[in-house]
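Under numbering that gives the first Met the number 0, the very last position in the sequence shown is 346; numbers go up by exactly one each time.
Accompanying notes for the structure given below.
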Amino acid sequence: MKKVVPFTKARETSLYGSKAVGLGDAARQGLLVPPGVALSGDLVEAVASGEDKAIEKVAKAIAALPPPFAVRSSAVDEDSAAASFAGQHLTVLNVHSAADVPGAVREVWWSANSDSAITYRQRVGLFTRPSVGVVVQTLLNPTVAGVMFTENPVTGADERVIEASWGLGEAVVAGLVVPDHFRLDRSGQVLERKVGRKRIAIRSLPNGGTFEQQVPPAQVHQLCLDDAQLVALGELALQCEKAYGPRRDIEWAFQDGTLYLLQCRAVTTGKARSEAPPPGPPPRNPVAALQRVQLFADMDRRQAEQIARLLKVRPFAKGETVIMEGSGGAAFFLIDSGEATVSSKGV
C-alpha cells in the first residue's frame, strides 16, 4: 500500500526504510529532529513513474511542512551495521517548494537504481531489487554541522569522535573541507581539539539548491564548536546510545543555538575486531600513501593525517564500474593498489 506518514508514525522498516524508521524512533523518544514525512517504497516508485495520485498524496502530506526541504533516500537495507550506502544514494538539498519535491524524489529513486548502487549492493551480498523509501524534511540553515561517532572508528577506543565545519554538514560528509576534530570521553571531558582548514561552507541559495561560500579568513582556522556545544553533543551521544545501542554514526547540526539530530545509524563494520587478522601483509597506511602523491608530498605528518581521516578505503572487484553521481564539489581518488580506467561523463 502506498503510504506517506509523519516520522512519528514510521515504524515498519519494510515499508519506509531504515533511515525513516530511525528518525521516527528518535522523534518518539523526544530527540530533536527536523520535522518531516516518510514515503513508502512503493509510493516512491509511483512518484518516480509520474503517477498523478501518488504525486498528489505527497503534496498533501508535505503541505504543513515549512520549506525548504531536504529529500533523502531511506532504502530498506540502507545504513545497516553490515553496509552503508553513503555516497551511493543521492540527497537533494534545499528543494525550494513543494512543487519541486516529486522531481527530487524521482532523482533519489534513480540514484538508488543506478549501476553504481546496484554494483555496491552485489558487492555486499545484496542481490534483490531495492525497495527505496524516501524522507522529506525541513532543511535547517545551520551555523555549524558535522558528524559524531560514539566510539572511535579508527582505534575502537571508548570515546566520542566529532568532526565539524561551518554551514551544512555536507561539507564534512563530502570531504570538501578539513574539519575541526574533537575527542571526548564518555563523561564529556574534552580529550583533544584540532583546528581544521574550513575554507568553504555549503549554504542554501534563495531559490533552491546550494553553493560553496568562501569562509571569512578569520574563521578558516577558528574552532567552530565551543565548550557548551561539545557538552550538548556528548549528551546527544548518550541519548542515541540509550535509544539505539552502541557504536553509532550520528549526523547533527546547530541552528540558532539548538542542536538537532539529522541521522543516527550503525557504524558499518567488516569483521569483528576480536577476529584474528588475515594472513599476509598488513593494510596499507593511508598517510604514507598520501605522502607519495606530489600534491601532498610537502605536508607534515599531522596535516596528512587530517586529510587521511577523510579517505574511505574501498576495495573494488575486477571489472567493477563505479559511477560518482550528484553535483557540487570535487572528488579525489588515490589508487594505492591495482589499476583502473577513469572516465568523465561516460567519455
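Backbone N, C-alpha and C define an ideal beta-carbon position, used for all residues, glycine too.
Query: Selected residue, minimal CA-CA separation from Ala98, among Ala60, Thr90, Val131, Leu237; Result: Ala60
Query: Residue span of the beta strand (DSSP E) that contains Glu162, given as start and end; Result: 159-165
Query: The segment 181-190 / the segment 213-220 touching (three or more Cβ pairs under 8 angstroms); Result: no
Query: Proximity winner among His180, Gly145, Arg159, relative to Leu167 (alpha-carbon distances); Result: Gly145
Query: Within 8 angstroms, strictly: CB atoms of Ser110 and Leu89; Result: yes
Query: Check whether Arg10 and Thr149 have beta carbons under 8 angstroms apart; Result: no
Query: Rounded straight-line distance, which links the Cα of Val36 to that of Asp225; Result: 32 angstroms
Query: Run of the beta strand (DSSP E) containing Glu191, from where it starts to where it stops; Result: 189-193
Query: Member of Arg198, Ala58, Gln238 whose CA lies at the smallest distance from the CA of Val43; Result: Ala58
Query: Assumed close pair Ile54, Pro101 - CB separation to whole angstroms, cut-off 8 angstroms; Result: 5 angstroms
Query: Delimiting residues of the alpha helix (DSSP H) encompassing Ala63; Result: Careful: Ala63 lies outside any alpha helix (DSSP H) and carries neither H nor E.
Query: Residue environment, Ser96, which counts as buried when at least 16 other CB atoms sit within 10 Å; Result: exposed
Query: Residues that Pro5 bridges to, as DSSP identifies them; Result: Val36
Query: Cβ shell of Val94 (< 7 angstroms), same chain only, five flanking positions each side left out; Result: Pro67, Phe68, Val70, Val100, Ala103, Gly207
Query: Span of the beta strand (DSSP E), counted from its first residue to its last, around Glu24; Result: First, the residue type needs correcting, since residue 24 is Asp and not Glu in the sequence shown. That residue, Asp24, is in no beta strand (DSSP E); its alpha helix (DSSP H) goes 17-27.
Query: Boundaries of the beta strand (DSSP E) in which Val230 is found, first to last residue; Result: Where Val230 is concerned, there is no enclosing beta strand (DSSP E), although the alpha helix (DSSP H) it sits in stretches over 226-243.
Query: Pro33 beta carbon less than 8 angstroms from that of Thr142; Result: no
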